[in-house]
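K.L.:
Structure in structure tokens, see below.
Numbering (full-length UniProt numbering), first residue to last: 1 to 226.
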């Protein structure tokens, strides 16, 4: 076997590990696996159509992130993020989303602005027809465009991670029509400030948007472990 062939196999293995890790991480954060539920390697491997090795490696990586705990001679168990974790994430997001919107107002391309406008147009349709599942999906799409538009790969990566960590909370919040309507209006105001190339206003509105989302979460006492 040549070096390039070995390198190709190594690359495939790394890619597979990454895919399994991201899928399992998403399944935990979305609530598919509940807190304290055992992560059975065989079951997960069969579901994902892979061997146990990438699953085992994914569990180790998830343990480093604090999303699961391995008990000797027993197995690995889900360690869901707690209310305090979510509160901390929203506090940090409030600062970083403001910075993201500021940079987006300075760097976002016309194509990206048009993409964000189309997302908000479709979101408005789903809001009017109470398609709450779609609202959650398009909320994520809108934020992802802004993350790309800020022109900072580092900030993009950090914010996408935070967004994923609170996905179950976001999904629950956007099933409330009042909060979903306010969220849409806040997104439209943020995008207008970005289109107007007003970094200060964009940053202020984006930070306020996250602060309101955090207050809503606390007010509604979303079902989370302390």
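Ideal placement from N, C-alpha and C gives every residue a C-beta, glycine not left out.
None of these values were measured; they are calculated from a predicted model.
#1: With DSSP collapsed to three states, give me the class of residue 68.
#2: Keeping to the same chain, check which residues put their C-beta closer than 7 Å to that of residue 25; ignore five residues upstream and five downstream.
#3: What whole-angstrom Cβ distance do residue 163 and residue 143 have, given they're in contact under 8 Å?
#4: Compute the Euclidean distance between the alpha carbons of residue 55 and residue 42, then round it to the nearest angstrom.
#5: Quick one, are the C-beta atoms of residue 79 and residue 71 less than 8 Å apart?
#6: What does the Cβ neighbour count give for residue 123, buried or exposed, with the cut at 16 atoms within 10 Å?
#7: Looking only at its own chain, which residues have a Cβ that is under 6 Å from the Cβ of residue 21, when we skip the five neighbours before and after it?
#8: Just the Cα atoms here: how many angstroms apart are residue 1 and residue 15?
#9: Pull up the distance between the alpha-carbon of residue 111 and that of residue 174, whole angstroms please.
#10: Please work out which residues of its chain come closer than 6 Å, Cβ to Cβ, to residue 209, disregarding the five sequence neighbours upstream and downstream, and give them in chain order.
#11: In chain order, what residues of the same chain lie with their CB nearer than 6 Å to the CB of residue 214, ignoring the 5 residues before and after it?
#12: Please go through the same chain and pick out, in chain order, the residues whose beta-carbon is closer than 6 Å to the beta-carbon of residue 9, but skip the five residues on each side of it.
#13: Cα separation between residue 40 and residue 157?
#14: Hey, how far is the Cα of residue 107 from the Cα of residue 77?
#15: Excluding the 5 residues preceding and the 5 following residue 135 in the sequence, name in chain order all residues of the same chain whose CB lies nearer than 7 Å to its CB.
#16: Tell me whether residue 221 is buried or exposed, calling it buried when 16 or more other Cβ atoms sit within 10 Å of its Cβ.
#17: Does DSSP put residue 38 in a helix, a strand or coil?
#18: Going by C-alpha to C-alpha distance, which of 88, 19, 82 sits closest to residue 44?
#19: Roughly how many angstroms lie between the CA atoms of residue 30 and residue 195, to the nearest whole one?
#20: Can you check which of these residues, 119, 146, 153, is closest to residue 137 by C-alpha distance?
#21: Does the Cβ-Cβ distance between residue 183 and residue 150 come in under 8 Å?
P.N.:
Reading from the atomic positions:
#1: strand
#2: 62, 67
#3: 6 Å
#4: 9 Å
#5: no
#6: buried
#7: 58, 61
#8: No answer about residue 1 holds up, because its pLDDT of 42 lies below 50 and its placement is not dependable.
#9: 27 Å
#10: 186
#11: 90
#12: Below a pLDDT of 50, predicted positions are generally treated as unreliable, and residue 9, at 43, falls in that range; the measurement from the model is reported next regardless. Closer than 6 Å at Cβ, skipping near neighbours: no residue.
#13: 29 Å
#14: 43 Å
#15: 123, 126, 127, 174, 180
#16: Because the pLDDT of residue 221 is 47, which lies under 50, any placement of that residue in the model is unreliable, and the number read from its coordinates should be weighed accordingly. When all chains shown are included, residue 221 counts as exposed.
#17: Correct three-state label for residue 38: strand.
#18: 19
#19: 33 Å
#20: Each of 119, 146, 153 was checked against the Cα of residue 137, and the nearest Cα belongs to 119.
#21: No, they are not a contact pair.
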